[in-house]
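Engineer: Each residue of the sequence shown is one higher than the one before, starting from 42 at the first, in my numbering. Can you keep this structure in mind? I'll have questions shortly.
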Amino acid sequence: MPTVLLTGITGFLAAHIALSFLQHNWTVHGTLRSSSKRSAVQAIPSYAPYLASGQLKLFITGPLESADYDEAIKGAEAVVHTASPVEFGNEGFREKHLGPALEGTKGVLEAAAREGSVKSVVYTSTFGAVGQHKSHPTELKGRVITEHDWNPYTLEELDAIAAANKSDNPSHPPGVLFYMGSKKYAELAAWDAQEAARARGAEWSLAAMNCVMIFGPPIQPLTSLSNGGMSTECLWTLAGGPGTRVMEAAFPYYVDVRDAAEAHYQAAVKHAQGRFILSAGPYDFQEIADKLPHLYPAQAGRFAQGNTPGKYMYEDPGIYELSNEKSREELGIQYRGKDETIRDAFDRFFELEQQGLK
42 MPTVLLTGIT
52 GFLAAHIALS
62 FLQHNWTVHG
72 TLRSSSKRSA
82 VQAIPSYAPY
92 LASGQLKLFI
102 TGPLESADYD
112 EAIKGAEAVV
122 HTASPVEFGN
132 EGFREKHLGP
142 ALEGTKGVLE
152 AAAREGSVKS
162 VVYTSTFGAV
172 GQHKSHPTEL
182 KGRVITEHDW
192 NPYTLEELDA
202 IAAANKSDNP
212 SHPPGVLFYM
222 GSKKYAELAA
232 WDAQEAARAR
242 GAEWSLAAMN
252 CVMIFGPPIQ
262 PLTSLSNGGM
272 STECLWTLAG
282 GPGTRVMEAA
292 FPYYVDVRDA
302 AEAHYQAAVK
312 HAQGRFILSA
322 GPYDFQEIAD
332 KLPHLYPAQA
342 GRFAQGNTPG
352 KYMYEDPGIY
362 ELSNEKSREE
372 LGIQYRGKDE
382 TIRDAFDRFF
392 ELEQQGLK
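What follows is the structure in structure tokens.
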């Protein structure tokens with residue numbers, strides 16, 4: 042049974058990645074930054090048989106910037122690095138965003154370079170490292186964005202935004218720009234690390250998964266729906282009542298978390314090399330608000346109505362196109378439709394609500 046090292050197993054996407062590998066009969070070495078998360082992971086029902094059999098093992102590796110992977114990576118054929126600071130605060134670009142992302146990425150890839158069993162590495166990047174974030178999506182109508190594109194913000198520009206504590210893009214506050222910038226430069230560091238490792242004789246492949254907005258049912262440990270990570274929060278807020286504000290989709294493409302997880306697995310087993318945009322297609326929060334009363338007619342009165350029913354930014358006035366051709370052709374991903382993703386997400390939200398989460 043092959044082994045994968047999976048960093049950051051408590052994350053929304055990482056929890057599904059773990060399940061995907063486990064269901065494909067891999068042993069998973071999942072990492073935690075501290076022992077405080079161990080019991081929460083052990084309580085996930087989907088993991089119970091794998092923990093009992095030893096197919097899923099948990100390792101405490103310490104803070105991201107100084108994590109020690111030497112024990113967890115032993116015998117691993119694949120490495121999936123999802124752990125990264127998800128920090129949207131407007132302060133501390135270098136200290137809270139860039140530094141931990143860079144050091145965390147360098148640390149795990151240095152461990153991969155030392156471990157001779159590693160054949161493939163998958164890095165969880167983001168559309169934040171690809172998108173043209175100096176422009177509003179409608180200003181890019183007609184443009185096709187592919188894996189060849191990069192976030193145009195430079196370190197100097199991000200430092201200037203940090204110094205002024207003011208964004209130059211009204212769609213993205215400083216903290217969002219800092220997060221996307223940190224992911225861009227961490228991904229670049231990953232490519233540099235592979236080049237350096239190859240110069241020393243390592244032969245592992247490297248695939249960067251450039252995920253768009255990830256939606257779907259959470260299986261990771263949660264204590265709150267309203268504070269359960271950006272993906273969960275953005276959807277759950279639509280169940281806040283008819284007068285709830287429906288936000289504009291600053292990142293108007295989505296992918297189901299289960300499809301994103303499967304893409305990570307396929308990239309590992311196929312020794313994929315290069316960048317892969319993971320996207321099922323465009324969406325609009327108004328569109329989701331319009332769908333919810335039809336998906337849950339008995340609860341129709343609890344959903345946000347919004348101000349523009351039936352009008353979606355990706356249709357009118359239109360936005361850029363995002364190519365998922367590479368992920369479909371090289372990884373074989375067949376993306377779920379919007380209704381399935383939304384329904385499965387809210388089914389899980391309502392289940393958690395019944396358990397007392399707010």
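Positions of the beta carbon are idealized from the N, C-alpha and C atoms, including for glycine.
Does the distance from the C-beta atom of residue 188 to that of residue 171 stay below 9 angstroms?
Structural biologist: Yes, the pair counts as a contact, with Cβ atoms nearer than the cut-off.
Engineer: Can you tell me whether residue 111 is buried or exposed? The criterion is at least 16 other CB atoms within 10 Å of its CB, across all chains shown.
Structural biologist: Exposed.
Engineer: So is residue 301 buried or exposed if we call it buried at 16+ other beta carbons inside 10 Å?
Structural biologist: Classification of residue 301: buried, given that the 10 Å Cβ count is 16 or more.
Engineer: Is residue 43 closer than 9 angstroms to residue 67 when the C-beta atoms are compared?
Structural biologist: Contact: yes.
Engineer: Restricting to Cα atoms, I'd like to know which of 109, 376, 73, 179 is closest to residue 156.
Structural biologist: Closest option to residue 156, Cα to Cα, is 109.
Engineer: Using 8 angstroms as the cut-off, classify the Cβ of residue 228 as near or not near the heavy atoms of the ligand ATP, replying yes or no.
Structural biologist: With respect to the ligand ATP, the structure offers nothing, as it holds no ligand at all.
Engineer: Ordered along the chain, which non-local residues of its own chain (more than five positions away) have a Cβ less than 8 angstroms from that of residue 358?
Structural biologist: For residue 358, where only same-chain residues beyond five positions count, the Cβ hits under 8 angstroms are 179, 182.
Engineer: Unbroken alpha helix (DSSP H) runs of length 4 or more, entirely within the segment 264 to 316: which are they?
Structural biologist: Those alpha helix (DSSP H) runs which fall completely within the segment 264 to 316 and span 4+ residues are 271 to 277, 298 to 310.
Engineer: So is residue 113 buried or exposed if we call it buried at 16+ other beta carbons inside 10 Å?
Structural biologist: When all chains shown are included, residue 113 counts as buried.
Engineer: Buried or exposed: which applies to residue 204, given that a residue is buried once 16 or more other Cβ atoms fall within 10 Å of its Cβ?
Structural biologist: Exposed is the call here.
Engineer: Measuring alpha carbon to alpha carbon, tell me which of 324, 164, 289 ends up nearest residue 380.
Structural biologist: Ranking 324, 164, 289 by Cα distance to residue 380 puts 324 first.
Engineer: Could you pull the DSSP bridge partners for residue 251 from this structure?
Structural biologist: DSSP output for residue 251 lists 166, 318 as bridge partner(s).
Engineer: How about residue 143 and residue 249: are their beta carbons less than 9 angstroms apart?
Structural biologist: Against a cut-off of 9 angstroms, the Cβ pair of residue 249 and residue 143 comes out as no contact.
Engineer: In angstroms, rounded to a whole number, what distance separates the CA positions of residue 136 and residue 351?
Structural biologist: Approximately 43 angstroms, taken between the alpha carbons.
Engineer: If you run the structure through DSSP and keep just helix, strand and coil, what is residue 140?
Structural biologist: Here residue 140 sits in helix by DSSP.
Engineer: Would you call the segment 283 to 298 and the segment 227 to 245 in contact, with 3 or more CB pairs under 8 angstroms?
Structural biologist: The segment 283 to 298, when compared against the segment 227 to 245, does not touch it at the 8 angstroms Cβ threshold.
Engineer: What distance in whole Å lies between the Cβ atoms of residue 97 and residue 69, which are believed to be in contact at a cut-off of 8 angstroms?
Structural biologist: Between residue 97 and residue 69 the Cβ distance is about 5 angstroms, and since that is below 8 angstroms, they are a contact.
Engineer: Counting contacts by CB-CB distance shorter than 9 angstroms, is residue 81 in contact with chain D?
Structural biologist: Looking at the structure shown, chain D is missing, and only one protein chain is on hand.
Engineer: In the structure shown, what three-state DSSP assignment does residue 106 receive?
Structural biologist: Note: residue 106 maps to helix in three-state DSSP.
Engineer: I want to know whether the segment 188 to 199 touches the segment 114 to 124 - three or more CB-CB distances under 8 angstroms.
Structural biologist: The segment 188 to 199 is not in contact with the segment 114 to 124.
Engineer: Keeping to the same chain, check which residues put their C-beta closer than 7 angstroms to that of residue 57; ignore five residues upstream and five downstream.
Structural biologist: Taken in chain order, the residues that qualify are 260, 298, 299, 302.
Engineer: Suppose the cutoff is 6 angstroms on Cβ atoms and the five residues either side in sequence are ignored; what does the same chain contact list for residue 328 look like?
Structural biologist: For residue 328, where only same-chain residues beyond five positions count, the Cβ hits under 6 angstroms are 353.
Engineer: What does the alpha-carbon distance come out to for the pair residue 365 and residue 257?
Structural biologist: Spanning the two alpha carbons is a distance of roughly 19 angstroms.
Engineer: Thinking residue 287 and residue 345 are a contact (beta carbons under 8 angstroms), I'd like their distance in whole angstroms, please.
Structural biologist: Correct: roughly 5 angstroms between the Cβ atoms.
Engineer: Just verifying my parser: in three-state terms, what is the DSSP assignment at residue 193?
Structural biologist: It is coil, neither helix nor strand.
Engineer: For residue 398, which three-state DSSP category applies?
Structural biologist: DSSP places residue 398 in coil when its eight states are reduced to three.
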